[in-house]
Amino acid sequence: MAEESEQERLASLAKAEIENAEAFLPGSFGCHEALHAASIMTDAVARNLLEHEAILLDPEFYRLASAAHTALFDLYQAIGAKHLSPVDDD
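If you read the sequence shown in the numbering used here, its first letter stands for residue 6, the second for the next number, and so on.
Spelled out as C-alpha cells, the structure:
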C-alpha cells in the first residue's frame, strides 16, 4: 500500500509541473495553505459526516467516516509538525 501510494504521488508530482518548490516547503505560505486545507477538511468530515444521521445509523458508514476523519487529522498533525517546527539556521 505504501509503495502504491508513493507511485501515485510521484505520478501526480510529474504532472504538477511545480515551478517553485520552495514556495510549498514547510515554513512557507504554500505549506500553510495545505495545513489550513487539512484543518478545514477535518472539520468538514466531523461536522458533515460523523454527525450525519445516515452515518450514525450505519456502523460501516460510521467506521469509514471515522477513518477518513482520523486520516485527515493525522495529516493535519504531520503538516503542522513540519511547518511549525523551528528552523535550524546552522
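Quick reminder that beta carbons are idealized off the backbone N, C-alpha and C, glycines included.
Here the structure is a predicted model, which means the values were calculated and not measured.
Cα separation between A73 and L54? 10 angstroms
Under DSSP, the alpha helix (DSSP H) around D63 begins and ends at which residues? No alpha helix (DSSP H) contains D63, which DSSP labels as neither H nor E.
Three-state secondary structure (DSSP) at S33? Taken through DSSP and simplified to helix, strand or coil, S33 comes out as coil.
Per-residue burial, A70 [other beta carbons within 10 Å of its own, 16 or more giving buried]: buried
By how many angstroms is the C-alpha of L77 removed from the C-alpha of F29? 19 angstroms
So the candidates are Q12, T75, A16, S90; which of them puts its Cα closest to the Cα of D48? T75
L89 - DSSP class collapsed to helix/strand/coil: coil
Beta-carbon proximity list for A59, same chain, < 7 angstroms, skipping 5 on both sides: Closer than 7 angstroms at the Cβ level, and outside the excluded window around A59, lie F66.
Within-7 angstroms CB hit, R52 to chain C: No chain C appears in this structure, which consists of one protein chain only.
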